[in-house]
Amino acid sequence: MNKAESRIYSILLLSLLLLTCGQAAAGSPNYEYHLNASMQHASAGSVKDAYGYVYVVTDKKGHGVIRVMFSNGTPLDYVRFNARVKFLDANGALIREEYFERRIEAAGFDGAAERSLSKLVDLSEFAAVEVDFFLSDIPLATVAGL
28 MNKAESRIYS ILLLSLLLLT CGQAAAGSPN YEYHLNASMQ HASAGSVKDA
78 YGYVYVVTDK KGHGVIRVMF SNGTPLDYVR FNARVKFLDA NGALIREEYF
128 ERRIEAAGFD GAAERSLSKL VDLSEFAAVE VDFFLSDIPL ATVAGL
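When you line the sequence shown up against my numbering, it's residues 28 to 173, in that order.
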């Protein structure tokens, strides 16, 4: 099992533990969504070995968690990993949007660099989830420490 797979399984196990311990009355999830996708850059297109993973789970009352993991197995160092999680109604209209952003260092000798972010969600009136993963440049002033 590689480092990325191990991290994904850890996140899933933690999510299940949080749901069973912290929300024991919630029962089984009402809505569950997973997506693992390669990252896209505006000018470079699809970036090999740069991935995003999202896991959304809510109970029948709409209480739940959004977990996003970014993995950078590339030599790219001055980029931000982004995820835009959209909650849609039955007609496809946007109800709510959550945005995740994280700078991740380049891959090292020990493999890909990974970061994980999470947010609690309280939204019961949605029918679908869509996610956009993309890379954006870090402003040079940030890199230079200005």
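Each residue gets a CB set at the ideal place from its N, CA and C atoms; glycine is no exception.
Model, not experiment: these values are computed from the prediction.
Short check: CB of Glu141 to CB of Ile93, under 8 Å? no
Whole-angstrom distance between Gly100 and Gly138, CA atom to CA atom: 7 Å
With DSSP run on the structure shown, which of helix, strand or coil describes Thr85? strand
Given this structure, state the Cα-to-Cα distance separating Phe161 from Arg130, to the nearest angstrom. 12 Å
Would Phe161 pass as an interface residue toward chain B - the criterion being a Cβ-Cβ separation below 8 Å? This model lacks chain B altogether; it includes just one protein chain.
Going by C-alpha to C-alpha distance, which of Ala117, Asp76, Lys88, Ala69 sits closest to Leu150? Lys88
Since Ala120 is in the beta strand (DSSP E), which residue starts that stretch and which ends it? No beta strand (DSSP E) holds Ala120; DSSP gives it neither H nor E.
Going by Cα to Cα distance, which pick from Phe97, Arg111, Gly135 is closest to Leu121? Arg111
State the DSSP-derived secondary structure class of Phe161, mapped to helix, strand or coil. strand
beta-carbon Gly119 near the ligand ZN non-hydrogen atom, thresh 7 Å: The model depicted lacks the ligand ZN and carries no ligand whatsoever.
Could you tell me whether the Cβ atoms of Met96 and Ser65 are closer together than 8 Å? no
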